[in-house]
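Chemist: Pasting a structure below so you can have a look.
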Amino acid sequence: MDRGNKAPKLYGNKKSRIFMDLKGRMLFLTFRLNRFFVALEFVGDGAGMPAFMSLDPRAYGVPDPSLTFLPEPVDVRTSCNGLLCCQGRTAYGPCYICNPANEQWKELPKPDGDHGPDPAVVLVFEPSIMNFTANYKLVSPFPSELGEYKFEVYSSDRGSWRTSGEIRFDDNEKLLPKTGVHVNGIVYWLSTRGVTSFDLNSELCRLFSSNLENLGMINGKLCAACIRNQKLIVFMLTNPQSHTRRRAAVKTWTRILPEIKLDSTLPVESTTCPCNYSGRYCDGHNQLRIVFVGDVVVLRKRNSYYCIDMNKKASNCLGEYIIHPYERFVGYVNGLVNLY
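Right, dumping it as structure tokens:
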């Protein structure tokens, strides 16, 4: 089932609301500003609704941040260039591709394989300047009955799923949901053994040895961010075609950008840590951790969120949000694209 275009709505934040026709130039110009948003999904008991946290107070929001225009409550699984992939919370758990900016959506057919209740699915969508109709793919790895991983790919051009012939055999490996990133025709996931990739063209799977975490794309390159000794450090994948069989001869990851000393970058907090630890870093709920990696890095400490500009070595406090401690972040950018 698909949902068609709706009547024009008011788009904006609390301080500024502008009436924009979905077919008008004003909407096009507004979205061409590429204001960035991070979609914040509440998980845990499944009762929470998706919400949106803006990294720019001047940016315009979306008409329905809770995505109630979809036919059922959903969990946000992945995002790419203005499109979201959501999964319904019914027993079947159908996948929906939607554009929150114009509230268009499409329900995908049921895949052949069992992708499970929390699939490590990745949405692949590269918009074209001359084409506002979305042509996208959805890549979903899933374990079979024998324990090996298979890869099923949905193509909007075909309108159907297809299982790749590539099979990854490793009983000790698990691909982690919500960690997938698409970069230059290759999809990467964090796994229990490092970083696993799937090439969309060759349909070959590789394993990269790594103890890094928090994957993202910066300047068109796969990057990983981590916090070491109170410093924020970003690494870039140097050789996408290398893997563990050649790791002795090829350097896989290279540190990029100047490291950020977090103690001098983030503002000093006046609140007392509930665990009575006097330092900035401690275990549990008070630990400073990375929740998103992209053109900026988003950190969370307790209920406070910070946006770090690695190039400017500057931070911006996004505010405090009382939310579920096991929320997951999905990067989202408003875009003018039609699903049909």
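Residue numbers (the numbering used here): 281 to 620.
Backbone N, C-alpha and C fix where the C-beta goes; we use that ideal spot for every residue, glycine too.
These numbers were taken from a predicted model, which means no experiment stands behind them.
1) Are E493 and R473 touching if we call contact CB-CB under 8 Å?
2) Specify the secondary structure class of L542 as computed by DSSP and reduced to three states.
3) Which residues in the same chain have their Cβ closer than 6 Å to the Cβ of S296, if we skip the five residues on either side of it in sequence?
4) Leaving out five residues on either side along the sequence, give the residues of the same chain with a beta carbon under 6 Å from the beta carbon of S477.
5) Let me confirm a value: R338 is counted as buried when at least 16 other C-beta atoms fall within 10 Å, else exposed. Which label applies?
6) Between the stretch 345-357 and the stretch 366-373, can you find at least three pairs of beta-carbon atoms closer than 8 Å?
7) State buried or exposed for I602, treating a residue as buried only when at least 16 other CB atoms are found within 10 Å of its CB.
8) Between the Cα of S444 and the Cα atoms of E425, G427, S420 and D450, which residue gives the shortest distance?
9) Looking at the secondary structure, which residues open and close the beta strand (DSSP E) in which Y416 lies?
10) Going straight from the alpha carbon of N633 to that of M516, what length do you get?
11) Quick check on G500: buried or exposed, where buried means 16 or more other Cβ atoms within 10 Å of its Cβ?
12) Do you know offhand how far L388's Cα is from P374's?
13) Taking only the alpha-carbon atoms, compute the straight-line gap between G396 and L546 and give it to the nearest angstrom.
14) I need the straight-line Cα distance from N361 to D398, nearest angstrom please.
15) Inspect the beta-carbon positions of N618 and T358 and report whether they are closer than 8 Å.
16) Whole angstroms are fine: how far does the CA of D450 sit from the CA of S584?
17) May I have the straight-line CA-CA distance separating D543 from N382, to the nearest angstrom?
18) Assuming I507 contacts R535 (C-beta within less than 8 Å), just tell me the rounded distance between them.
19) Going by DSSP in three states, Y372 sits in which element: helix, strand or coil?
20) Might you give, ordered along the chain, the residues of its own chain that have their beta carbon closer than 6 Å to the beta carbon of N481, omitting 5 neighbours on each side?
21) In or out: E432 buried (at least 16 other Cβ within 10 Å) or exposed?
22) Given this structure, state the Cα-to-Cα distance separating W385 from G427, to the nearest angstrom.
23) Does DSSP put Y612 in a helix, a strand or coil?
24) So within the stretch 333-372, which uninterrupted beta strand (DSSP E) runs reach at least 3 residues, ignoring any that extend past its ends?
25) Tell me which residues share the same chain as V577 and place their Cβ nearer than 7 Å to its Cβ, disregarding the 5 neighbours each side in the sequence.
26) Expressed to the nearest angstrom, what Euclidean distance is found between the alpha-carbon atoms of I447 and K541?
27) Rounded to whole angstroms, what is the Cα-Cα separation between A400 and T459?
28) Check each candidate in T518, L418 and E425 and name the one with the smallest Cα separation from S436.
29) Looking at the structure shown, is L309 part of a helix, part of a strand, or coil, going by DSSP?
30) Nearest CA to the CA of E425: which residue from P407, Q510 and G393?
31) Out of C378, L495, C503 and M329, state which residue places its alpha-carbon closest to the alpha-carbon of N614.
32) Quick one: Cα of H462 to Cα of Y612, how far?
33) Within the stretch 433-511, note down every full beta strand (DSSP E) run reaching 3 residues or more, in order along the chain.
34) Would you identify the three-state DSSP class for L579, choosing helix, strand or coil?
35) Less than 8 Å between the CB atoms is what I'm expecting for S334 and G341, so what's the real figure, rounded?
Modeler: Straight from the coordinates:
1) As a first step, residue 493 must be located in the sequence shown, where it is residue number 213. As a first step, residue 473 must be located in the sequence shown, where it is residue number 193. One thing to note: E493 has its Cβ no nearer than 8 Å to the Cβ of R473.
2) For the purposes of this step, residue 542 is taken as residue 262 along the sequence shown, with counting starting at 1. Helix at L542.
3) Here the question's residue 296 lines up with position 16 in the sequence shown. Its pLDDT being 29, under 50, S296 is placed unreliably in this model, and the value from its coordinates should be taken loosely. Taken in chain order, the list of residues that qualify is empty.
4) Residue 477 sits at position 197 when you count from the first residue of the sequence shown. Contacts found: I466, Y468 and R486.
5) The sequence position of residue 338 within the sequence shown is 58, counting from 1. Around the C-beta of R338, fewer than 16 other C-beta atoms lie within 10 Å, and the residue is accordingly described as exposed.
6) Yes, since at least three Cβ pairs between the stretch 366-373 and the stretch 345-357 fall closer than 8 Å, the two stretches touch.
7) The sequence position of residue 602 within the sequence shown is 322, counting from 1. By the 10 Å Cβ count, I602 comes out exposed.
8) One-based indexing of the sequence shown puts residue 444 at position 164. Checking every option, the nearest Cα to that of S444 belongs to S420.
9) Taking the first residue of the sequence shown as 1, we reach residue 416 at position 136. Residues Y416 to P423.
10) This structure does not reach residue 633, given that the chain is present from 281 up to 620, and the question cannot be answered.
11) Residue 500 sits at position 220 when you count from the first residue of the sequence shown. G500 is exposed by the Cβ-count criterion.
12) Indexing the sequence shown from 1 puts residue 388 at position 108. Indexing the sequence shown from 1 puts residue 374 at position 94. One alpha carbon belongs to L388, the other to P374, and they sit about 7 Å apart.
13) Locating residue 396 in the sequence shown gives position 116, counting from the first residue. Locating residue 546 in the sequence shown gives position 266, counting from the first residue. Near 39 Å, if we compare the C-alpha coordinates of L546 and G396.
14) Here residue 361 corresponds to residue number 81 of the sequence shown, with the count starting at 1. Here residue 398 corresponds to residue number 118 of the sequence shown, with the count starting at 1. Between the C-alpha atoms of N361 and D398 there is a straight-line separation of about 22 Å.
15) By one-based count along the sequence shown, residue 618 stands at place 338. By one-based count along the sequence shown, residue 358 stands at place 78. Not closer than 8 Å, so no.
16) Here the question's residue 584 lines up with position 304 in the sequence shown. Here the question's residue 450 lines up with position 170 in the sequence shown. Going from the Cα of S584 to the Cα of D450 covers about 39 Å.
17) Position 263 of the sequence shown holds residue 543. Position 102 of the sequence shown holds residue 382. So the alpha carbons of these two residues sit roughly 41 Å apart.
18) Position 227 of the sequence shown, counted from the start, is the residue given in the question as residue 507. Position 255 of the sequence shown, counted from the start, is the residue given in the question as residue 535. A Cβ-Cβ distance of about 14 Å is found for the pair I507 and R535, leaving them out of contact under the 8 Å criterion.
19) Residue mapping note: residue 372 aligns to position 92 of the sequence shown, counting from 1. Correct three-state label for Y372: coil.
20) Numbered from its first residue, the sequence shown carries residue 481 at position 201. If we look at N481 and ignore the five residues flanking it on each side, its Cβ neighbours are G465.
21) Walking along the sequence shown from the start, residue 432 turns up at place 152. With 16 or more Cβ atoms within 10 Å of its Cβ, E432 is classed as buried.
22) The sequence position of residue 385 within the sequence shown is 105, counting from 1. The sequence position of residue 427 within the sequence shown is 147, counting from 1. Cα-Cα distance, rounded: 34 Å.
23) For the purposes of this step, residue 612 is identified with residue 332 of the sequence shown, where counting begins at 1. Y612 sits in a strand when the DSSP states are folded into three classes.
24) Runs of the beta strand (DSSP E) lying entirely within the stretch 333-372, each at least 3 residues long, are 354-360 and 363-368 in chain order.
25) Locating residue 577 in the sequence shown gives position 297, counting from the first residue. Shown here for V577: same chain residues with a beta carbon closer than 7 Å to its own, the five before and five after excluded, namely A505, L512, I570, I588 and M590 in chain order.
26) On the sequence shown, position 167 is the one that residue 447 refers to. On the sequence shown, position 261 is the one that residue 541 refers to. Rounded to the nearest angstrom, the two C-alpha atoms are 42 Å apart.
27) If you number the sequence shown from 1, residue 400 lands on position 120. If you number the sequence shown from 1, residue 459 lands on position 179. Between A400 and T459, the C-alpha separation is close to 7 Å.
28) Looking up residue 436 in the sequence shown gives position 156. For the set T518, L418 and E425, the Cα lying nearest the Cα of S436 is the one of L418.
29) Indexing the sequence shown from 1 puts residue 309 at position 29. Summary for L309: the model assigns pLDDT 28, below 50, so the residue's position carries little reliability, and this model does not support an answer.
30) As a first step, residue 425 is located in the sequence shown; it is residue number 145 there, counting from the start. Nearest C-alpha to E425: G393.
31) Within the sequence shown, numbered from 1, the residue matching residue 614 stands at position 334. Distance check between N614 and each of C378, L495, C503 and M329 places C378 closest, using alpha-carbon atoms only.
32) To locate residue 462, count along the sequence shown from 1; it is residue 182. To locate residue 612, count along the sequence shown from 1; it is residue 332. Cα atoms of H462 and Y612: separation of roughly 14 Å, rounded to the nearest angstrom.
33) Listed in chain order, the complete beta strand (DSSP E) runs (minimum 3 residues) inside the stretch 433-511 are 440-448, 461-463, 466-471, 474-479, 485-488, 495-498 and 501-508.
34) Within the sequence shown, residue 579 is the residue found at index 299, counting from 1. L579: strand per DSSP, three-state reduction.
35) Residue numbering aside, residue 334 sits at position 54 when the sequence shown is read from its first letter. Residue numbering aside, residue 341 sits at position 61 when the sequence shown is read from its first letter. About 7 Å separates the two Cβ atoms, so the contact holds.
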